[in-house]
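Peer 1: Protein chains in written order, with the numbering used here: chain A, 3 to 689; chain B, 3 to 689. Built from N, CA and C at the ideal position, the CB exists for glycine as well.
2 protein chains.
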Amino acid sequence: MLPRGRPRALGAAALLLLLFLIGFFLFGGDLDYGRPQPRGAAALDGDLPAGYGGHNSSDCDPPRPRPRPPKCELLQVAIVCAGHNSSRDIITLVKSMLFYRKNPLHLHLVTDAVARNILETLFHTWMVPAVWPQVSWIPNKHYSGLYGLMKLVLPGVLPPDLVRVIVLDTDVTFASNIAELWALFAYFSDKQVIGLVENQSDWYFGNLWRNHRPWPALGRGFNTGVILLRLDRLRQAGWEQMWKMTATRELLTLPATSLADQDIFNAVIKEHPWLVQPLPCVWNVQLSDHTLAERCYSEASDLKVIHWNSPKKLRVKNKHVESFRNLYLTFLEYDGNLLRRELFGCPCPLPPGAEQLQRALAQLDEEDACFEFRQQQLTVHRVHITFLPHKPPPSQPHDVTLVAQLSMDRLQMLEALCRHWPGPMSLALYLTDAEAQQFLRFVETSAVLSARQDVAYHVVYREGPFYPINQLRNVALAQALTPYVFLSDIDFLPAYSLYNYLRASIEQLELDGGRKAALVVPAFETLHYRFSFPTSKAELLALLDAGSLHTFRYHEWPRGHAPTDYARWREAQEPYRVQWAADYEPYVVVPRDCPRYDSRFVGFGWNKVAHIMELDAQEYELLVLPEAFIIHLPHAPSLDISRFRSSPTYRDCLQALKDEFHQDLSRSYGAAALKYLTALQQPRGPI
Amino acid sequence: MLPRGRPRALGAAALLLLLFLIGFFLFGGDLDYGRPQPRGAAALDGDLPAGYGGHNSSDCDPPRPRPRPPKCELLQVAIVCAGHNSSRDIITLVKSMLFYRKNPLHLHLVTDAVARNILETLFHTWMVPAVWPQVSWIPNKHYSGLYGLMKLVLPGVLPPDLVRVIVLDTDVTFASNIAELWALFAYFSDKQVIGLVENQSDWYFGNLWRNHRPWPALGRGFNTGVILLRLDRLRQAGWEQMWKMTATRELLTLPATSLADQDIFNAVIKEHPWLVQPLPCVWNVQLSDHTLAERCYSEASDLKVIHWNSPKKLRVKNKHVESFRNLYLTFLEYDGNLLRRELFGCPCPLPPGAEQLQRALAQLDEEDACFEFRQQQLTVHRVHITFLPHKPPPSQPHDVTLVAQLSMDRLQMLEALCRHWPGPMSLALYLTDAEAQQFLRFVETSAVLSARQDVAYHVVYREGPFYPINQLRNVALAQALTPYVFLSDIDFLPAYSLYNYLRASIEQLELDGGRKAALVVPAFETLHYRFSFPTSKAELLALLDAGSLHTFRYHEWPRGHAPTDYARWREAQEPYRVQWAADYEPYVVVPRDCPRYDSRFVGFGWNKVAHIMELDAQEYELLVLPEAFIIHLPHAPSLDISRFRSSPTYRDCLQALKDEFHQDLSRSYGAAALKYLTALQQPRGPI
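(1) Can you give me the C-alpha to C-alpha distance between residue 654 of chain A and residue 375 of chain A, rounded to a whole angstrom?
(2) Applying the 10 Å Cβ sphere with the 16-neighbour rule, what's the burial state of residue 154 of chain A?
(3) Going by DSSP, name the residue or residues bridged to residue 593 of chain B.
(4) Closer than 8 Å by beta-carbon distance: list the chain B residues that pair up with residue 529 of chain A, in chain order.
(5) Against chain B, which members of the segment 367-400 of chain A pass a CB distance test of less than 7 Å?
(6) Any C-beta of chain B sitting closer than 8 Å to the C-beta of residue 175 of chain A?
(7) Against residue 570 of chain B, what residues of chain A qualify as contacts under a CB-to-CB distance less than 7 Å, listed in chain order?
(8) Among A:597, A:383 and A:90, which residue has its Cα nearest to the Cα of residue 391 of chain A?
(9) By the three-class DSSP mapping on this structure, what secondary structure does residue 227 of chain A have?
(10) Would a check of beta-carbon distances place residue 414 of chain B closer than 8 Å to chain A?
(11) With respect to the alpha helix (DSSP H) encompassing residue 601 of chain A, which residues constitute its N-terminal and C-terminal limits?
(12) With a Cβ-Cβ cutoff of 8 Å, do residue 245 of chain B and residue 270 of chain B count as a contact?
(13) Per DSSP, which one or two residues make a beta bridge with residue 463 of chain B?
(14) Please list, in chain order, the residues of the segment 326-340 of chain B that have any C-beta partner in chain A closer than 9 Å.
(15) Counting only beta-carbon separations shorter than 8 Å, does residue 357 of chain A have a partner in chain B?
(16) Name the two residues that bound the continuous alpha helix (DSSP H) containing residue 571 of chain A.
(17) What three-state label does DSSP hand residue 516 of chain A in the structure shown?
(18) DSSP puts residue 92 of chain A in a beta bridge; with which residues?
(19) Would the beta-carbon of residue 422 of chain B fall within 8 Å of that of residue 498 of chain B?
(20) Residue 287 of chain A bridges to which residues according to DSSP?
(21) Mapping DSSP to helix, strand and coil, what is residue 528 of chain B?
(22) Please report the residue range of the beta strand (DSSP E) in which residue 650 of chain A lies.
(23) Look at the Cβ atom of residue 180 of chain B, then the Cβ atom of residue 231 of chain B, and state whether they are nearer than 8 Å.
(24) For a quick check, are the C-beta atoms of residue 137 of chain B and residue 80 of chain B less than 8 Å apart?
(25) Compare the C-beta of residue 182 of chain A with all C-beta atoms of chain B and state if any pair is closer than 8 Å.
(26) Determine the DSSP secondary structure at residue 127 of chain A, reduced to helix, strand or coil.
(27) Checking contacts by CB at 8 Å: is residue 679 of chain A closer than that to chain B?
(28) Along the chain, where does the alpha helix (DSSP H) that runs through residue 447 of chain B open and close?
(29) Report all residues from its chain with a CB closer than 6 Å to the CB of residue 602 of chain B; omit the five preceding and five following residues, and keep chain order.
(30) Since residue 176 of chain B sits in a beta bridge, which residues does DSSP pair it with?
(31) Buried or exposed: where does residue 441 of chain B fall if 16 or more other Cβ atoms within 10 Å of its Cβ makes it buried?
(32) Starting from residue 579 of chain B, trace the alpha helix (DSSP H) both ways and give me its first and last residue.
(33) When you compare the segment 434-452 of chain B with the segment 486-504 of chain B, are there three or more beta-carbon pairs, one atom per stretch, that lie closer than 8 Å?
(34) Since residue 78 of chain A sits in a beta bridge, which residues does DSSP pair it with?
(35) What is the DSSP secondary structure of residue 338 of chain B, counted as helix, strand or coil?
(36) Can you name, in chain order, every residue of its own chain whose Cβ lies under 6 Å from the Cβ of residue 386 of chain A, other than the five neighbours on each side?
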C-alpha cells in the first residue's frame, strides 16, 4: 500500500515514474475542467451528530442515542488489496470483522492479479456463511501501480447498483460490530456523500517539521482508513471529474511524493466541505506517528476500529499500544475455521459448495468406526496459496518444480532442502493460524529462506484429527507452475545435482514430445542422525556398501521400492524401464497435469501407492534415472503415526478405503484395473 | 461438579455417603426450625422487566432500554471449583469473561485443596491488570465432598462486607460484557435477593419420563448456572435457616439422587417466590438435554452466556451447537497472555509483582543486542500446575521424581519415558493455549499415559522468542513431591532398572542422613534412529565397544561429561567420587531442596553447566553410580537451536550472561568462586 499521511523518501526514478503514471491517469481520460468551487472551511464539529464528534467536541456535548445496528441488513464493504503481504493483512482485518459481525456481508475485494489469485482461493475454501466475497481484478493498465489511488475510483469500479459502501484499509482491526458503523449512514444529510474520521495528527497543519508542505485540508483533515461512501450520490455529483480536477490543480504546485488518495480526498473536501459527514473518532483510532488518538479513546470506553497507520505498525510507541497489539494478535492468530459459524435470526444462505458438503456430512454414520476418516476426507480446509512473496519461475520447457508437504515439526528441513534443490518448489504447509505466524517469522529470520523467491509456500489450515496428506499434495501440485513436477516428501534431500539432471533428462528423453512417462528417482535412507551427504553416485554406492546407507525402507517394507531394481541401478548408464508391481511407491517426476492424489487417504498409509497405481492405469512408462537419487533423513515418528500405528480400527478403516479406491479404479479403467484387485488381495505387511 | 438438573446414577454406597454428608451438614449446625412460609407461586413473567423475560414473554412486550453497564465499577464474581478438571474448565470461562469485560473484577474462587494450589499459581503468574483473584480453600469438613451445594452457603463463606455477587458455574461461556449482567441488579425490587434465568427444559414439570419425581419448583423452575445474589439481604433474611429448613423437609419425601444446589434453590423459591428476580434468558442459554433454549435465542440476536449443562458438553445435539462450540473453542484456545491488556479509562492498579516487573522491563535498553534475552528472562509465564489429574506419590523416604521439560515436538517421547521410568515424574511443558488442548487429547488417546496417575504435567504458556529452559526446569523441580529428584532431559531414556536402583542407592549411601551429595547418572547416546535399548550395564558396554553407542556428546563436546570418567565407570563396582571441572554438566540426583536453575539462561547453552557449578559451590559431593545409565536418542535439531546456532549475537549474549552469572556467584560464594572464573576464561568450544 502507498503510505498515508506521511511522505516516504522516493528515489528520483521512482518519483518520475509515479508522476508519469499520475499524469497518464489524470490526463488520459475524459476530463472536464469545470470551475473549482472554493468555499470556506465548514466548522468541523458543526456537522457532527452530538456526542459523536472528533476529540474536540465529545467532552461537552451530551450523548445522543446510538443508531441501532440494522438487523439482518446486508452490509457492503470494499477493500483494496494488492500483493502477497496485503493479502495476509486483509485476513486479520476480515477475521476481526467476522468475529463481531451479526449481519450478512458483501465483501468487494479490489485486487491486483496476485491478490486475486490468493483471495479467490482463500474465500472459496473458507466458506463463511452469510459472506459474499467478490474478488475483482483490476486489469486496466491505468490502475496498475496506482493502488494508493484506487479508493478514489471505487464509485466507478464497484457495481453500478451499489448505493452505500464501507471502504477499509487493510491495516485496520475491528473491535466492534461493523453494523454500528453502517448505521452511521443514517446521519448523512442530503448533501453528504463521504463519512470520514478526522485525522488524528497535525500533519495537515503543516507544522510538524520545516519545509513540510502538506496538501490542503479542512482543519486537521480526515483519515481515509475507514470511509463511508454514498456511491449513488457520488456518481450523480460527478465525483470523478471533481477529484481529478482538484488533483490536477494541486499537482501544479504541490509535491507528489506523499501522494495517496487521502491527500486528494482532503483537497476535494476542503473545496466542497458539505460533502463530508464527520464520523466519531472511535471508528478510526489512528496509531500513526505523532498521533493525538489518545484524546479520543481516553474518553471513550468503547474502541471501535484500530488503524495501524504508522510504518512501524505493531511497534509504534503509544501509551496503550499493548492493548491494541493484543487485540490485533487475537485476530492474527485466531482460528479462522471458528468464523464459519452461521448467523442467528437472519436468513443465512450458505456459500457455494457448502450445502452439498453439509448434505454429504449429514449422510455419514456417526456410529461407523471409520466416521472420523470419512469426515476428514470431506473437510474443506482453508487454503492460503503463496502465503509469502513469490516470483513465478520464468517459463522454460523442461523445468521441474519440487512438490512436497509438511507441518510445523519439519520446518527445520527447509533450509537443507533449499541448499540441495536450487530450482522452484511448491510446498503445502499444514498449520494453525498461529503456527502460520511462527512460520512467517521462521522464514524472515532465515537468510537461506529469505533469499529464495522461487519457493511457493501454501498454507492449508489445520482441521480434524488426521493429517490430510493427499489433499496437501494436491494443493502443492496444483500450484506448481513449471511443465514438470518432482513429487517428493519433506524428509528427503535430493542429490545436489538432481535439479539440473532432471531437466537434462526430460529434454534428452523428449518427454515434451508427448512421451507419457514417470521418471523414477531412486530413494535411499540413512539411519544415522549425523550424516555427510554423498556428492556423487560413486560416493553413494560406497556408503551403501559400507552400510551407512540403505535403500529406502529396506528393513521394514522392501516391496515399496523393490521394483526400482537397485541392483540394476548400480550398473545402469541409461534410463531403464521397470514394471508396476503391488505396493510400489517410488518418487517420480511427471508432467504437472498428471492425475491428482486420491484425497480419501488421510493420515498415514497407502497415499502414494494409490497414486502410482493410477499412473500405471493411465499407462505412464516408469523410467528409472541412473544418476538420480534422494536420501531420507531419520526423524522421530510423528505424533499422528505414533497415535494410529497401534490402532486396529485404523488398519480396518484403511482397508475399507483401499477397497473403495479399487472399486472406483475399476469403474474408471474397467478390466485393465483387474490386476490391481489381485494385488490388493495379497497379504499386507506393515503400513 | 455435581450434576445439575439431571439425575446421575449413583451406586448405593455413594448414595448412602451423600445422604450421610447431607444429614451431617444439615443437622450439625445450629438450625432454627422456624415456620415455613408457604405462598402461591408468583406469575413468573409478572416480575420480569419488560423485554427481559423468559422465552414466553419476550415476543409480545416492547423492549425497555437496557440498563447501562456501570463504568469502572468493581464487579464481584464467585465461582466454585474443585479438582483438576474443573480447574481447567474455569480458565475457559474466565478467558471469555476477560475478553469482553471493561470493568475491574474481583474473582472469589471457592476451591478444594487441589484447585486452590492450581489456581493460586495460575492467577499469580497470569498477572491480569484490574483483576483481583481471591482463592479461598474451604477446609471445613462440613463442606468437603459437597461442592454441589456450595453455592447455597456462599453468603456465609464470602467476605461479610460483600453486598452483591455474580455466581457462575465453571461450564458457562461469556459472549458479552459481564457488566451488562451486573447492571441487572438495578431491576431488583426491595424484596428480591436472587436473580436467576428460568430453567430451559421441562425437567421440573416432572413429565419427562415415567417415575420422574423432580423437586418442587415455580413453573419451569430456575437454572443456577448464573446467579445474581444480594448477599446483604440474604444474610439479613436468614437465608441459611431458610434453605436448610426447606431442604430438610423435602428430603423427607424426595430422593437425594439428583440433589444439587439447584433443587434446593428452586424449592426455596417455590416457597418464597418474592425472593427471585427472573433474568433475561440470554444470560443463561442452557444447552442441556431436552433444552428449549431455542425459544430464547432464536429471537434474540445477542447471546450473552452459553451454559454447557449437558453431560455431553460440546457434543450435545442442537441446531446451533456449531456456533456455540466455536465460541467455546475460541476461548479454550485463546492465548491467555493477550488478556493481560489493561483497561482504558478506569483506574487500573497492577497485580502484585507487575509494577516491579514493568519497572525492570522499562530499564532495559532496546538497542542492546541482547535485549530479547533480557526481556525473555524477565517474562513471567503463566503456569498451570498439574494440568491433568495427578495423584501425589505416597510419602517414602528415598523416593525419586524424574524432572524434565519439553515442548510439543517431544510429546512422542512420553510413552517411552513412561515405560522406562515407573516412578513419579514432574514434567514442565512449554505450550500455547491451543497446544495444551492438543496435549490433553494426546494423553487421553494414549493407553500408556492415561494409565499413569503419578506423572504431573505442568503447563508453562509460551511467550517470547526463546525457550525458557531453566524457568521450565524450576517449575518442574518446584512441583516434585518426593525427597529426591533426578534432573534429566526429555531426550534421554533411563535404564529400565534406574528408578529402583536410584532409590536403593539413596538408602545405601544414607543421603537422608544429611550427606550432601549429587549422584551422577552417566549419559550415553545413540546416533542410530532405530535402536534396541540395553537391558543391563554389560549389554550397554557391549554396544559401546561395537560403536553402536557413544558416551554423550563424545563427538562434539567431550568436556561436558569427561569428569564422569567413563573408563573408571566401566570397571566400577561401587559409587566413586569425582571432582568438578569446567563445563561439566552431568545428569544428577539431588535432594529436592537443591539450588534452583539460573533463569537468566534462556534458549540454548550453559543452562545445566551453571547449575552444576552452583552445586559444587555449595559443596555437593559428586558421586558416580556404577550401575546407572541413561541414553540420549537422536532427533532433528529443534527450531530454536537451528535458528540461533548460526547467530554470532547469540554467542556474544551468552558470553555476557555467563560473565554476569559469575559475578553473582562471586558475590554469593566469595573467594571460593574464584576457580569458576579461571575456568570461564578458558577458550570455549561449541555451545
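Peer 2: The structure says:
(1) Taking the first residue of the first sequence as 1, we reach residue 654 of chain A at position 652. Taking the first residue of the first sequence as 1, we reach residue 375 of chain A at position 373. Between residue 654 of chain A and residue 375 of chain A, the C-alpha separation is close to 11 Å.
(2) Looking up residue 154 of chain A in the first sequence gives position 152. Residue 154 of chain A is buried by the Cβ-count criterion.
(3) As a first step, residue 593 of chain B must be located in the second sequence, where it is residue number 591. Paired residues: B:486.
(4) Residue 529 of chain A sits at position 527 when you count from the first residue of the first sequence. In chain order: 530, 531 and 532.
(5) none
(6) Translated into positions along the first sequence, residue 175 of chain A becomes position 173. False, the Cβ-Cβ gap to chain B never drops below 8 Å.
(7) By one-based count along the second sequence, residue 570 of chain B stands at place 568. By Cβ distance, chain A contributes nothing, its closest Cβ being about 28 Å from residue 570 of chain B, past 7 Å.
(8) Locating residue 391 of chain A in the first sequence gives position 389, counting from the first residue. If we check each option's Cα against that of residue 391 of chain A, A:90 comes out closest.
(9) Within the first sequence, the letter at position 225 stands for residue 227 of chain A. The answer is strand: DSSP assigns residue 227 of chain A an E or B state.
(10) Reading the second sequence from its first residue, position 412 is the one you call residue 414 of chain B. Yes, residue 414 of chain B lies at the interface with chain A (some Cβ there is under 8 Å from its Cβ).
(11) Here the question's residue 601 of chain A lines up with position 599 in the first sequence. Here residue 601 of chain A belongs to no alpha helix (DSSP H), and DSSP marks it neither H nor E.
(12) Your numbering for residue 245 of chain B matches position 243 in the second sequence. Your numbering for residue 270 of chain B matches position 268 in the second sequence. Going by C-beta atoms, residue 245 of chain B is nearer than 8 Å to residue 270 of chain B.
(13) Mapped onto the second sequence, residue 463 of chain B falls at position 461. Partner(s): B:433.
(14) 326, 327, 328, 329, 331, 332, 335, 336, 337, 339 and 340
(15) Locating residue 357 of chain A in the first sequence gives position 355, where the first residue counts as 1. Chain B, which has no Cβ nearer than 8 Å to the Cβ of residue 357 of chain A, makes this no.
(16) Here residue 571 of chain A is taken as the residue at index 569 of the first sequence, counted from 1. Note, residue 571 of chain A: alpha helix (DSSP H), 568-573.
(17) Numbered from 1 along the first sequence, position 514 holds the residue referred to as residue 516 of chain A. Coil at residue 516 of chain A, not helix or strand.
(18) The residue given as residue 92 of chain A occupies position 90 in the first sequence. According to DSSP, which records beta bridges pairwise, residue 92 of chain A is partnered with nothing at all.
(19) Here residue 422 of chain B refers to the residue found at position 420 when the second sequence is read from its first residue. Here residue 498 of chain B refers to the residue found at position 496 when the second sequence is read from its first residue. Yes, they are a contact pair.
(20) The sequence position of residue 287 of chain A within the first sequence is 285, counting from 1. The partner list for residue 287 of chain A (beta bridge, DSSP) reads A:308.
(21) For the purposes of this step, residue 528 of chain B is taken as residue 526 along the second sequence, with counting starting at 1. It is coil, neither helix nor strand.
(22) One-based indexing of the first sequence puts residue 650 of chain A at position 648. Element bounds for residue 650 of chain A: not the beta strand (DSSP E) but the alpha helix (DSSP H), 650-671.
(23) Here residue 180 of chain B corresponds to residue number 178 of the second sequence, with the count starting at 1. Here residue 231 of chain B corresponds to residue number 229 of the second sequence, with the count starting at 1. No, Cβ-Cβ distance for residue 180 of chain B and residue 231 of chain B is not below 8 Å.
(24) Locating residue 137 of chain B in the second sequence gives position 135, where the first residue counts as 1. Locating residue 80 of chain B in the second sequence gives position 78, where the first residue counts as 1. No, the Cβ-Cβ distance between residue 137 of chain B and residue 80 of chain B is not below 8 Å.
(25) Reading the first sequence from its first residue, position 180 is the one you call residue 182 of chain A. Judged by the 8 Å Cβ criterion, residue 182 of chain A is not in contact with chain B.
(26) The residue you call residue 127 of chain A lines up with position 125 of the first sequence. Three-state result, residue 127 of chain A: helix.
(27) Stepping through the first sequence from its first residue, residue 679 of chain A is reached at position 677. For residue 679 of chain A, the answer is no, since every Cβ of chain B falls outside 8 Å of its Cβ.
(28) As a position in the second sequence, residue 447 of chain B is number 445, starting the count at 1. That residue, residue 447 of chain B, is in no alpha helix (DSSP H); it is neither H nor E in DSSP.
(29) The residue labelled residue 602 of chain B in the question sits at position 600 within the second sequence. Closer than 6 Å at the Cβ level, and outside the excluded window around residue 602 of chain B, lie 379 and 659.
(30) Position 174 of the second sequence, counted from the start, is the residue given in the question as residue 176 of chain B. The partner list for residue 176 of chain B (beta bridge, DSSP) reads B:307.
(31) Taking the second sequence and counting its residues from 1, the one referred to as residue 441 of chain B is at position 439. Looking at its Cβ environment, which holds 16 or more other Cβ atoms inside 10 Å, residue 441 of chain B is buried.
(32) Here the question's residue 579 of chain B lines up with position 577 in the second sequence. Looking at the DSSP string, residue 579 of chain B is not in any alpha helix (DSSP H); the run it does join, the beta strand (DSSP E), is 578-580.
(33) no
(34) Locating residue 78 of chain A in the first sequence gives position 76, where the first residue counts as 1. Its beta-bridge partners are A:108.
(35) Translated into the one-based positions of the second sequence, residue 338 of chain B becomes position 336. Three-state result, residue 338 of chain B: helix.
(36) To locate residue 386 of chain A, count along the first sequence from 1; it is residue 384. The residues are 124 and 461.
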